[in-house]
Amino acid sequence: MYVGEFTRHVTTFLKGNCGTVFVNTVIKETLRLHPLGPLLPREVQQQCEIGGFLIPENTSMIVNVYQIMRDPTVWEEQFMFAPERFLVSPEPDKVNKCLPFGSGRRVGPALGTVIVATAVAVMVHIFDWNNEGGVDMDEHLEGGILIYGSKSDEYKIMSKLN
Numbered sequence: 420m421y422v423g424e425f426t427r428h429v430t431t432f433l434k435g436n437c438g439t440v441f442v443n444t445v446i447k448e449t450l451r452l453h454p455l456g457p458l459l460p461r462e463v464q465q466q467c468e469i470g471g472f473l474i475p476e477n478t479s480m481i482v483n484v485y486q487i488m489r490d491p492t493v494w495e496e497q498f499m500f501a502p503e504r505f506l507v508s509p510e511p512d513k514v515n516k517c518l519p520f521g522s523g524r525r526v527g528p529a530l531g532t533v534i535v536a537t538a539v540a541v542m543v544h545i546f547d548w549n550n551e552g553g554v555d556m557d558e559h560l561e562g563g564i565l566i567y568g569s570k571s572d573e574y575k576i577m578s579k580l581n
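Going by the working numbering, the sequence shown opens with residue 420, and the numbers climb by one from there.
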């Protein structure tokens, strides 16, 4: 593949004509099941009530993103990898499930998703990926504050540009 052809493919992707919707849904579903930071510290900006509890202003809280993203009252088949759950739906409730990834006034954090989507599209386009050991990744995750794959898993990544 020539550099010009590669540039054309990436440009097409960035213009939204090359499966970007599906790439974005795969990224969102991956981050739903395996958030990089499963516990997020937050500070309450103003007094509020959550679940019947009064939370004073300036209270530090820890949000358990890992549990929220597996809540059976929010997600059908919460343990299954199903990127299609993030496709645009006429039901507003289903669209609101995407809010953890940035929306409304706080859409700025969603920029990270765009950058990741571009990087994933480029890597899928350039490389062939192979899980040498045939290992089920869900069974080999490690971590505490961060979640990551086992160091003993073997992967083979070959360039398609040869």
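Just so you know, even glycine gets a beta-carbon here, dropped at the ideal spot from N, CA and C.
Where the alpha helix (DSSP H) containing residue i begins and where it ends
i	result
isoleucine 482	Before going on, a small fix: residue 482 reads as valine here, not isoleucine. No alpha helix (DSSP H) holds valine 482; the beta strand (DSSP E) holding it covers 479-483.
CB of residue i within 8 Å of CB of residue j, strictly
i	j	result
isoleucine 446	proline 460	no
valine 463	asparagine 477	yes
proline 502	glutamate 448	yes
Enclosing beta strand (DSSP E) for residue i [first to last residue]
i	result
valine 468	Rather than valine, the amino acid found at residue 468 in this sequence is glutamate. Segment 467-469, the beta strand (DSSP E) holding glutamate 468.
glutamate 462	458-462
leucine 473	472-474
Alpha-carbon to alpha-carbon, residue j and residue i
i	j	result
histidine 544	leucine 473	50 Å
lysine 579	phenylalanine 441	22 Å
phenylalanine 500	threonine 444	11 Å
glutamine 497	leucine 450	13 Å
asparagine 549	glycine 470	46 Å
leucine 452	glutamate 495	13 Å
7 Å CB neighbourhood of residue i in its chain, flanking five on each side removed
i	result
glycine 523	Unreliable positioning characterises glycine 523 in this predicted model, as indicated by a pLDDT of 47, which lies under 50. The coordinate reading is nonetheless provided below. None.
phenylalanine 505	Thr444, Lys447, Glu448, Cys517
proline 491	Gln497
methionine 542	none
Contact set for residue i: own chain, Cβ-Cβ below 8 Å, skip 5 residues either direction
i	result
glutamine 465	Glu476
valine 535	Ile446
isoleucine 576	Phe546, Asp547, Trp548, Asn549
proline 454	Val484, Tyr485, Met488, Ile566
Residues of its chain near residue i, where Cβ-Cβ distance is below 6 Å and the 5 sequence neighbours each way are ignored
i	result
alanine 538	none
arginine 489	Gln497
proline 457	Val484, Tyr485
serine 479	Glu462
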